[in-house]
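Engineer: Chains as they are written, first to last, in the UniProt record's numbering: chain A, 1 to 253; chain X, 1 to 253.
Protein chains: 2
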Amino acid sequence: MSANPTACLLIIGNEVLSGRTRDANLQFLATRLGEIGIPLREVRVIPDVPEVIVETVNAVRPRFDHVFTTGGIGPTHDDITAECIARAFGVPWEKHPEAMALLTAHYEKQGTEFNAARQRMATIPRGSALIPNPVSVAPGFTIGNVHVMAGVPRIMQAMFEALAPGLIGGRPVLSRSVHADGIYEGQIAEGLGAIQACHPALDIGSYPYYRPDRSGVALVAKGLEEAEVVAAAAEMAALIRQVGKEPLEGEPG
Amino acid sequence: MSANPTACLLIIGNEVLSGRTRDANLQFLATRLGEIGIPLREVRVIPDVPEVIVETVNAVRPRFDHVFTTGGIGPTHDDITAECIARAFGVPWEKHPEAMALLTAHYEKQGTEFNAARQRMATIPRGSALIPNPVSVAPGFTIGNVHVMAGVPRIMQAMFEALAPGLIGGRPVLSRSVHADGIYEGQIAEGLGAIQACHPALDIGSYPYYRPDRSGVALVAKGLEEAEVVAAAAEMAALIRQVGKEPLEGEPG
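See below:
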């Protein structure tokens, strides 16, 4: 659909794979990356296993313009992301002077011990640039095209917003939706395929929805050229009228 | 942690990667697969791009005992999962007589046309076994170790429950949690690492939580031996008492 830069997300954490924790970062990053024109092209959820993290980072970093990771940068024994990224890049994992200074000042102000576990959060692959953490101080970092962020959604979001102005995006992906209650995909599939065939540069999708009181289908056109996205949305609305229903703009509530 | 059979999940769909749709299948499958002793070891979210689907299916099916897919098996042009699975296995993608019979009867009863788009939902890789769909008839299918399911959560869940009794699981993964408000990971990191070191067969995790009115840390022990999981939970409770807080059983509400 575009020659925009691309992104991959690695969600690192046993707690997501075990079902304990429901990931809340994918949708936020997917939306924000689309807005800044660096569409998310793949996500992998992987366990806290060093070999898997190292292998996965090295598998994806040559294939995407940006790799974002979430999770595993706290002070406990299961927070192994930073040392695995160092291994993946073949660089030392060492105390970062600027991160040490930030955390020393933070714990001093709090009157809390800056112990060995907390110093882990300032131990970062050599050559990294810090990503500010306005929520809880302990920074993320960027090395090469890999951006390492916290897993806690509030902290991850703050880190991403600190990073975003420095990311060189492409054109934002534009989207228009129409929907109607009481239609079925099987009724509009042929017409929708024809609309997609007329607009190969667009990404045309069809998504059934089910609500307690009503169900239907939402049709979505996405692309970079506003005029073409708008034209496709009008054709999708006409298709819904052809099967005797009234199209409504936007997504179903 | 175990020699249990392993699972990988492929979530197929542009709508998840664009942020339009929040995936609701990962957590359900992670939980159910843990319960039946086939722990989920990796998840990939991939776009509706044939080459990516074929390549990913073939990359993961030799590496895991089971591969589950969700999404892309409806009647519209963007539902390309079944034909991509056929390509991945190098078998014809063809009308499946049993699926055709099921859908013919269904649309006849409804007085609805069983058109070409709907016949797509009965077009399946040769050699597949059908997965029943008690919600909306159109079946999923299993070929080799790959189980292809719908993306709509209600339908996916029904398909999974139809499949589950036939899956040969290992021992269920057992889990115990303790938590306490007002503790910080940095306080208990060293002690928790020692508990992990004493129980290499367990998976010990630490998860901060943030609520509008309180925050703290939950500690989780997972494993196959109940006695060892219970012992580790008692040690984690003692660790919380050491830092002057009262441990509470289970996850924070």
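Where a beta carbon is used, it is the ideal one built from N, C-alpha and C, also for glycine.
From the beta carbon of residue 229/A, is the nearest beta carbon of chain X less than 7 Å away?
Structural biologist: no
Engineer: Listing by chain order, which chain X residues have their CB less than 9 Å from the CB of residue 116/A?
Structural biologist: 189 and 190
Engineer: When the Cβ atoms of the stretch 201-212 of chain A are set against those of the stretch 73-82 of chain X, are three or more pairs found closer than 8 Å?
Structural biologist: yes
Engineer: Is the separation between the beta-carbon of residue 179/X and that of residue 239/X shorter than 7 Å?
Structural biologist: Cβ atoms of residue 179/X and residue 239/X: not closer than 7 Å.
Engineer: Quick one: residues in its chain with C-beta nearer than 8 Å to the C-beta of residue 145/A, no 5 flanking neighbours on either side, listed in chain order?
Structural biologist: Closer than 8 Å at the Cβ level, and outside the excluded window around residue 145/A, lie 61, 64, 65, 66 and 67.
Engineer: So, for residue 233/A: in the same chain, excluding its five sequence neighbours on each side, which residues have a beta-carbon less than 7 Å away from its beta-carbon?
Structural biologist: 176, 178 and 221
Engineer: Would you mind sorting residue 70/X into buried or exposed? The rule is 16 or more other CB atoms within 10 Å of its CB.
Structural biologist: buried
Engineer: What residues from chain A crowd round residue 27/X, counting only those whose CB sits closer than 7 Å?
Structural biologist: 19 and 22
Engineer: Taking residue 139/A as the reference, which of 98/A, 55/A, 165/A and 182/A has the closest Cα?
Structural biologist: 98/A
Engineer: Short of 7 Å in beta carbon distance, which residues of its chain neighbour residue 218/X, apart from the five on each side in sequence? Order them along the chain.
Structural biologist: 177, 179, 207, 209, 251 and 252
Engineer: Tell me, please, whether the CB atom of residue 70/X is closer than 7 Å to any CB atom in chain A?
Structural biologist: no
Engineer: Give the residues of chain A in contact with residue 208/X, contact being defined as C-beta atoms less than 8 Å apart.
Structural biologist: 74 and 152
Engineer: Is any beta-carbon of chain C found at less than 7 Å from that of residue 40/A?
Structural biologist: The chain inventory of the structure shown lacks chain C, comprising the protein chains A and X.
Engineer: Considering only residues of the stretch 4-42 of chain A, which uninterrupted alpha helix (DSSP H) runs meet the minimum length of 4 residues and lie entirely inside it, listed in chain order?
Structural biologist: Correct list: 14-17 and 26-35.
Engineer: How should residue 148/A be labelled, buried or exposed, when 16 other C-beta atoms within 10 angstroms of its C-beta is the threshold for buried?
Structural biologist: A residue is called buried when at least 16 other Cβ atoms come within 10 angstroms of its Cβ; residue 148/A meets this threshold and is buried.
Engineer: How would you list, in chain order, the residues of chain X whose beta-carbon sits under 7 Å from the beta-carbon of residue 15/A?
Structural biologist: 205 and 207
Engineer: Determine the contact status of residue 73/A and residue 86/A, defining contact as a CB-CB distance below 7 Å.
Structural biologist: no
Engineer: With a cut-off of 8 Å on the beta carbons, I'd call residue 12/X and residue 38/X a contact; round off their distance for me.
Structural biologist: About 20 Å separates the two Cβ atoms, so there is no contact after all.
Engineer: Which residues, in order along the stretch 71-102 of chain A, keep a beta-carbon less than 7 Å from a beta-carbon of chain X?
Structural biologist: 74, 75, 76, 77 and 78
Engineer: Is there at least one Cβ from chain X nearer than 7 Å to residue 30/A's Cβ?
Structural biologist: Judged by the 7 Å Cβ criterion, residue 30/A is in contact with chain X.
Engineer: Under the assumption that residue 186/X contacts residue 117/A (Cβ atoms under 8 Å), give the Cβ distance between them as a whole number of angstroms.
Structural biologist: 5 Å
Engineer: At the 7 Å Cβ level, is residue 127/A part of the contact set with chain X, yes or no?
Structural biologist: Chain X places no beta carbon closer than 7 Å to that of residue 127/A, leaving this residue out of the contacts.
Engineer: Could you check how far apart the C-beta atoms of residue 126/X and residue 94/X are, in whole angstroms? I think they sit under 8 Å.
Structural biologist: 6 Å
Engineer: Of all the options 23/A, 30/A, 141/A and 15/A, which has the alpha carbon lying nearest to the alpha carbon of residue 48/A?
Structural biologist: 15/A
Engineer: I'd like to know whether the C-beta of residue 185/A is nearer than 7 Å to at least one C-beta of chain X.
Structural biologist: yes
Engineer: How many Å lie between residue 8/X and residue 42/X at the Cα?
Structural biologist: 5 Å
Engineer: Hey, could you find the ends of the alpha helix (DSSP H) residue 141/X is sitting in?
Structural biologist: Note, residue 141/X: premise wrong, no alpha helix (DSSP H); beta strand (DSSP E) at 140-143.
Engineer: Please classify residue 23/A as buried or exposed, where buried requires at least 16 other C-beta atoms within 10 Å of its C-beta.
Structural biologist: In summary, residue 23/A is buried, with 16 or more beta-carbon neighbours lying within 10 Å of its beta-carbon over all protein chains present.
Engineer: Got a sec: is the Cβ-Cβ distance from residue 67/A to anything in chain X below 7 Å?
Structural biologist: no
Engineer: Short of 8 Å in beta carbon distance, which residues of its chain neighbour residue 215/A, apart from the five on each side in sequence? Order them along the chain.
Structural biologist: 181, 182, 208 and 209
Engineer: For residue 196/A, count neighbouring Cβ atoms within 10 angstroms of its own Cβ and tell me buried if that reaches 16, exposed if not.
Structural biologist: buried
Engineer: If we count the other Cβ atoms within 10 Å of its Cβ and call it buried at 16 or more, is residue 58/A buried or exposed?
Structural biologist: exposed
Engineer: By Cβ distance below 7 Å, which residues in the same chain neighbour residue 114/A in space, the five residues on each side in sequence not counted?
Structural biologist: So the list reads 103, 104 and 107, once near-sequence residues are dropped.
Engineer: Count the other C-beta atoms from every protein chain shown that fall within 10 angstroms of the C-beta of residue 168/A, then say buried if there are 16 or more, exposed otherwise.
Structural biologist: exposed
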